[in-house]
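Novice: Each residue of the sequence shown is one higher than the one before, starting from 15 at the first, in our numbering. Backbone N, C-alpha and C fix where the C-beta goes; we use that ideal spot for every residue, glycine too. Owing to the predicted nature of the structure, the values given are computational and were not obtained by experimental measurement.
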Amino acid sequence: MPRWTFEIIAESLAPSEKSTIAREATKIYTDVGFPKFWVNVFFHENDPNNFYIGADSSKNVFLVINHTARTFESVAHRLGFLDRVDTILRPILEPKGLHWEFNIHEHPAQNWRMNGMIPPVNKPDVLQNWVSQNKPVPY
């Protein structure tokens with residue numbers, strides 16, 4: 015369950031840019047065998063009067079990434095992931111003069127359920143069925 019939640023000023027990103035970010039974020043996870051439907055990307059658009067950084071109205075972008083299925087296996091994996099996120103965001107945000115910040119929260123997988131089931135992170139055959147059907151399938 016990766017969940018990317020963006021806090022942005024309304025209309026700072028075009029629908030096509032949001033779609034590109036969602037597609038590229040999803041690819042990070044499908045490249046390592048996760049089902050597409052596990053990846054959630056939200057864009058919360060805020061009025062400039064409701065978005066402050068350092069007591070000033072801001073056009074910054076703030077992103078929180080929640081991970082539950084797995085945690086980073088090593089510092090190298092974590093740094094590689096951070097670089098990959100940057101390669102998604104930089105080409106879209108930097109030309110617009112938008113500053114961005116993100117952080118990642120890793121949650122215990124034992125607290126995660128989909129349709130009441132424990133997702134089959136450690137059950138490769140079941141996970142492959144979820145990938146191929148792109149939905150949670152009882153097992």
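Please look up how many angstroms separate the CB atoms of A69 and V55, rounded, as I've assumed it's under 8 Å.
Specialist: Wrong, their Cβ atoms sit about 29 Å apart, outside the cutoff.
Novice: Which whole-angstrom value describes the C-beta separation of S26 and L112, a residue pair presumed to lie in contact below a C-beta threshold of 8 Å?
Specialist: So it is a contact: roughly 6 Å between Cβ atoms.
Novice: With DSSP as the reference, label F65 as helix, strand or coil.
Specialist: Coil.
Novice: Do you know how far the Cα of M15 is from the Cα of V75?
Specialist: The straight-line gap from Cα to Cα measures roughly 22 Å.
Novice: So, are the CB atoms of I106 and I42 less than 9 Å apart?
Specialist: Against a cut-off of 9 Å, the Cβ pair of I42 and I106 comes out as no contact.
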